[in-house]
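First the structure, in the form of C-alpha cells, and then the observations on it.
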Amino acid sequence: MDLEREWRGGQSQALLTVRGLRAVGHDAQLVSVRESPLARRATSAGIVVHEVGKNARRASAALLLRKLLSQQNYDVLHANEPHALTAAWLAGAQERTRIVVSRRVAYPLSASGLAGKRYQIARRIVAISHFVEKSVLESGVPHERLAIVYEGVEVPRLPTQEARQQARRRWSVTENEKLLGCIGYLLPEKGQEIAIRALSTIGTKVPRARLLLAGDGPCRAGLEALVQQLGMQDKVTFAGFVEDVTQVYAALDVFVFPSLAEPLGTSLLAAMAWGLPVLAVASGGV
Numbered sequence: 627m628d629l630e631r632e633w634r635g636g637q638s639q640a641l642l643t644v645r646g647l648r649a650v651g652h653d654a655q656l657v658s659v660r661e662s663p664l665a666r667r668a669t670s671a672g673i674v675v676h677e678v679g680k681n682a683r684r685a686s687a688a689l690l691l692r693k694l695l696s697q698q699n700y701d702v703l704h705a706n707e708p709h710a711l712t713a714a715w716l717a718g719a720q721e722r723t724r725i726v727v728s729r730r731v732a733y734p735l736s737a738s739g740l741a742g743k744r745y746q747i748a749r750r751i752v753a754i755s756h757f758v759e760k761s762v763l764e765s766g767v768p769h770e771r772l773a774i775v776y777e778g779v780e781v782p783r784l785p786t787q788e789a790r791q792q793a794r795r796r797w798s799v800t801e802n803e804k805l806l807g808c809i810g811y812l813l814p815e816k817g818q819e820i821a822i823r824a825l826s827t828i829g830t831k832v833p834r835a836r837l838l839l840a841g842d843g844p845c846r847a848g849l850e851a852l853v854q855q856l857g858m859q860d861k862v863t864f865a866g867f868v869e870d871v872t873q874v875y876a877a878l879d880v881f882v883f884p885s886l887a888e889p890l891g892t893s894l895l896a897a898m899a900w901g902l903p904v905l906a907v908a909s910g911g912v
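Take 627 as the starting number for the sequence shown in the working numbering and just add one per residue.
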C-alpha cells in the first residue's frame, strides 16, 4: 500500500516490488491513490489496483482495508510509506494480517503520539540501508524487529548511439558539449544548489559543460532565480518531471548526486547501472 500522490523513489520501489513478487508467483496487489502516477503505471502493468480517493486518503484507505481484509486472507500487508502505515493502524489491520513497513528516511522515530503507535503494529521495519537502520535502532526499536533490504533498480539495455543522440536533442545538447545531470525532487537537502554553484565555478575551465536538472519541487523557483543571478541561463536546463527517465540517463555524460542526507540513492544506483561516471557527496547511506 502506498498513498503518495506524486511519483518519487518510494513509488518506483513499490511498483518494482509488486512486479517482482508477481514474477515469482505471488498474488501481489496494490492499494494506491486514484489517478496517481503509481496507480496508472501499476494498472498499465496488469496489476490489481485498489484505489482510494485523493482527499482524506488515510481514512479512505483504512475503510478500504477493513473491507479487503474481511473478504480475503492476506498473508502480509506492506506499508510502503508512513501514510499507508497510518491507514493500516486506523483499520486495525494488525489483527488480521502481518504488517511490514518500509523506512526510507534517517530521522529518529518518535516514541509518542501517532507516530509511535503506528510503528508498534509493524512486525518488521524494513530499513533501506545501514544508515537508516542505525537511526531506527537509536530510536529504541529492538534489533529483532528490523531488517535491511536494499532497494534496487532495473538494469537497463544501454542505448544505441542513435538513441543517445535523440535524447540529447530533446534538451538541445550539441555533440561537443558535456552534459552533467541530476534526477530528483527539488528540495534543499537534495543539493541541486550545490550542483549549480559548482558548474558556475568550473565554467571557465570547462566552458562546454551544461547541467540538466530532472525533477520538480518546491525549490524550483529559488533555483531558477539563482541561475538567473549567476547568468547561467544557457548552461542550466530545468527539465521538470520526466515521465521516462531513461531519456535523461541516455543523454548524460556525467551523473551528479549532490544530496546532503541521502538514505540510499536509487537514482545514483541507476546511473551506475547505465555505466555513467558519477560525482556524489559522501553522506548518509551513500
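Ideal placement from N, C-alpha and C gives every residue a C-beta, glycine not left out.
The structure displayed is predicted, hence computed values, not measured ones.
- Each residue's CA atom was taken as its position, placing Leu852 and Leu886 some 19 angstroms apart.
- Rounded to whole angstroms, the Cβ separation of Val726 and Val702 is 6 angstroms, and the two are in contact under 8 angstroms.
- Per the coordinates, the alpha-carbon of Arg660 lies some 22 angstroms from the alpha-carbon of Gly646.
- Secondary structure at Ser658: strand, using DSSP grouped into helix, strand and coil.
- For the pair Thr712 and Leu690, the CB atoms are not nearer than the 8 angstroms cut-off.
- Contact check for Val904 and Leu894: beta-carbon distance about 6 angstroms, within the 8 angstroms limit, so the pair qualifies.
- Distance from the CA of Ser638 to the CA of Pro663, rounded to the nearest whole angstrom, comes to 10 angstroms.
- For the 8 angstroms CB-CB criterion, Ala877 and Leu805 form a contact.
- For the region 804-865, the continuous beta strand (DSSP E) assignments of 3+ residues that do not extend past its boundaries occur at 804-809 and 835-840, in sequence order.
- Between Gly807 and Val874 a beta carbon distance of about 6 angstroms is seen, short of the 8 angstroms cut, so the two are scored as contacting.
- According to DSSP, residue pairing for Ala753 in a beta bridge involves Arg729 and Ile774.
- Spanning the alpha carbons of Met627 and Gly857 requires a straight line of approximately 45 angstroms.
- Counting only the Cα atoms, Ser686 lies some 29 angstroms from Val762.
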